[in-house]
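Reading through the structure tokens given below for one structure.
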Amino acid sequence: MHITKQLFTGLVAAGALLVFTNSQTAHASLSPNSSQPRTDMVDLSSWQSNLSASDYQNLHDAGVKAVAIKATEGTTYTSPVLQQQTQDAQDAGLSVNYYHFAHFTSVAAAKTEAQNFIKAVQAVTDSKNMVMVVDFESSELAGLSKSQNDADLAAFDSTLNAAGYNKTDLYTMASWLGDHIDTNASNQGWIAQWPANPTGTSYPNANAWQWASDYRFNGESQDLDVSQLNNDYYINGDASVSAHTSTSNSTPKTTLVKVPAPTATTNTYSATRSNSVRLVWRYSMKRHAYWTLSGARYSKHLGVKYASMKNLPHTTWYTDGHEKLYRKASKSSIIYYHIRSGNGKHAGWIWRGYLHAGVNPNA
């Protein structure tokens, strides 16, 4: 999953970054090619914290169906971008799953790490309908017997199961299978093996095959890990963050947002547009500043188009609500924000991806 990145981190800590960089053989990123396996799933960690909402939408449009996001590592680490990555993936209509980078070398340690994993995921979403993966590749695990690793993995999974997480899986390198760790009925496997010229299908009995760590999607500026899914195990999950609009431990608000009546005289209604979506949820949210010249403002069910954003080019917009709509035709979901101008005269719902954070520099 992030085998080379773990090595990279260790060398940075040892002050050997220059040696690492100079010792690597430069190679080109894998570019999209019709002969390659599918890019059904991408896995993410804080290394990809620079991806924007539009990047996630680009992945969706390129055929990505799901993501697996790093939540935790060991007993104390939690990704600082876990909630944002979850939100962005959900907004783009991607199924969200989570993984934990394991260091446990005993049953007791496995249970403790599982609790760290559970705590982090529960802070982001109330849903338990996603795959919870253990990333099994850390060097200290190779020094244990396979029977010990299998027992530790069983303890890790049983802790997840006791908390209500019943979809688990094992991510590991193909070279470790049957030697350091086993797959089983509960963990059919997400297997990493990166051929120079990937084609076809490998490990058909596993849930997924990660076939590249250096795939560059069209329109993207960095390499990503990509996997081909052999079934729908990873794509039926829902890790909606609707009940967690902040990182605090306070009780989330569930007040429905009141939408002001349109004030413009050029409003247009489209029954086709309104009937194309179904409301999943709608909640109030904190006030955030945005600006944009793209898209338009709509009524809450998109039936009425109020006005194009380019008509108010110097306006800073402030959020007070958001909603998730299910798009019936594409069978995907999208997030709209309710925004209001600073003077309160203009308001409406707009796709989140059109908004740029911060005060309008042209105001």
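In the working numbering, the protein residues as written are 48 to 410. For each residue, glycine too, the CB sits at the ideal point set by N, CA and C. None of the values given here were measured: they were computed from a predicted structure.
Quick check on the DSSP output: the beta strand (DSSP E) that includes residue i runs from which residue to which?
i       : result
Arg-387 : 379 to 388
Ala-394 : 394 to 398
Asp-90  : 88 to 91
Starting from residue i, trace the alpha helix (DSSP H) both ways and give me its first and last residue.
i       : result
Ser-321 : 318 to 322
Phe-203 : 193 to 209
Ile-282 : Premise fails: Ile-282 is in no alpha helix (DSSP H) and is neither H nor E.
Phe-164 : 154 to 169
Ala-7   : Because the chain in this structure spans residues 48 to 410, residue 7 falls outside the shown range and cannot be described.
Ser-101 : 100 to 108
Thr-133 : 129 to 138
Nearest to residue i by alpha carbon, out of the options?
i       : options                            : result
Thr-246 : Met-220, Ser-274, Asn-234          : Ser-274
Ala-139 : Gly-395, Tyr-383, Trp-396          : Tyr-383
Thr-254 : Trp-241, Ala-243, Ala-232          : First, the residue type needs correcting, since residue 254 is Asn and not Thr in the sequence shown. Measuring from the Cα of Asn-254, the nearest candidate turns out to be Ala-232.
His-393 : Gln-132, Ala-343, Lys-175, Glu-370 : Ala-343
His-348 : Gln-162, Ala-109, Ala-318          : Ala-318
Ser-82  : Asp-226, Ser-377, Thr-248          : Thr-248
Trp-364 : Asn-407, Leu-207, Asp-102          : Asn-407
Arg-399 : Ser-99, Leu-77, Ser-78, Met-48     : Ser-99
Arg-374 : Val-327, Thr-230, Leu-359, Asn-390 : Val-327
Leu-224 : Asn-278, Ser-192, Ser-101          : Ser-192
Val-351 : Gly-368, Gly-236, Ile-397          : Ile-397
Ser-380 : Gly-391, Tyr-353, Gly-368, Ser-323 : Ser-323
Thr-119 : Asn-358, Ala-161, Thr-133          : Ala-161
Tyr-316 : Asn-176, Met-356, Gln-240, Ser-346 : Ser-346
Thr-123 : Met-177, Lys-166, Ser-96           : Lys-166
Ser-194 : Asn-176, Met-177, Ser-153          : Ser-153
Met-177 : Glu-267, Ile-282, Leu-129          : Ile-282
Asp-367 : Gln-269, Ser-185, Ile-386          : Ile-386
Ser-355 : Gly-395, Pro-242, Ala-170, Arg-320 : Gly-395
Gly-121 : Thr-159, Gly-391, Asn-244, Lys-175 : Thr-159
Ser-185 : Ala-149, Ala-209, Ser-205          : Ala-149
Pro-79  : Asn-358, Asn-265, Lys-357          : Asn-265
Leu-402 : Glu-267, Asn-234, Leu-340, Gly-236 : Leu-340
Gln-235 : Ser-205, Lys-333, Asn-278, Glu-267 : Asn-278
Ala-155 : Ser-205, Gly-190, Asn-244, Ala-189 : Ser-205
Excluding the five sequence neighbours on either side, which residues of its own chain have a C-beta within less than 6 Å of the C-beta of residue i, listed in chain order?
i       : result
Lys-117 : Ser-92, Ser-126, Tyr-146
Tyr-280 : Asn-254
Asp-87  : Lys-112, Gln-275, Leu-276
Ile-238 : Ala-221, Tyr-250, Ala-253, Trp-256
Ala-157 : Phe-151, Asp-199, Ala-202, Phe-203
Asp-229 : Asp-197
Leu-271 : Val-89, Tyr-262
Glu-370 : Arg-329, Tyr-383
Asp-135 : Ala-100, Tyr-103
Met-48  : Asp-90, Asp-182, Tyr-218
Val-59  : The predicted position of Val-59 is uncertain, since its pLDDT is 31 and thus under 50; a value taken from the coordinates is nonetheless stated next. Correct list: empty, nothing qualifies.
Gly-389 : Thr-363
Ala-210 : Ile-165
Asp-226 : none
Thr-310 : Confidence at Thr-310 is low in this model, with a pLDDT of 41, below 50, so its placement is unreliable and the value that follows should be read with caution. Nothing meets the Cβ criterion.
Across which residues does DSSP place residue i in a beta bridge pair?
i       : result
His-403 : Trp-338
Arg-374 : Val-324, Ser-379
Ala-343 : Ser-355
Lys-117 : Tyr-146
Ser-331 : Gly-368
Asp-182 : Phe-148, Tyr-218
Tyr-124 : Glu-120
Ala-189 : In DSSP, Ala-189 forms no bridge with anything.
Leu-77  : Tyr-262
Leu-224 : Ile-228
Ala-239 : Met-220, Gln-257
What residues in its chain sit with their C-beta under 8 Å from that of residue i, if we drop five residues either side in the sequence?
i       : result
Ala-404 : His-335, Ala-336, Tyr-337
Leu-141 : Tyr-103, Leu-106, His-107, Val-111, Lys-112, Ala-113, Val-114
Met-179 : Asn-144, Tyr-145, Tyr-146, His-147, Phe-164, Val-168, Leu-207, Tyr-212, Lys-214, Thr-215, Asp-216
Arg-411 : Residue coverage of the chain in this structure runs from 48 to 410, which leaves residue 411 outside it and unanswerable.
Lys-378 : none
Arg-325 : Leu-372, Tyr-373, Lys-375
Asn-409 : Trp-338, Pro-360, His-361
Does chain B have any CB closer than 9 Å to the CB of residue i?
i       : result
Asn-144 : Here there is only one protein chain, and chain B is not present.
For residue i, which residues of its own chain have a beta-carbon under 7 Å away from its beta-carbon, when the five flanking residues on both sides are left out?
i       : result
Leu-77  : Ala-259, Asp-261, Tyr-262, Arg-263
Leu-129 : Ile-116, Ala-118, Ala-167, Val-171
Trp-241 : Trp-258, Ala-259, Ser-260
Glu-267 : Asp-102, Asn-105
Ser-321 : His-348, Leu-349, Gly-350
Where in the segment 244 to 280 do unbroken runs of the beta strand (DSSP E), each at least 3 residues long, occur, reported from the N-terminal end onward?
255 to 262, 271 to 276, all fully within the segment 244 to 280.
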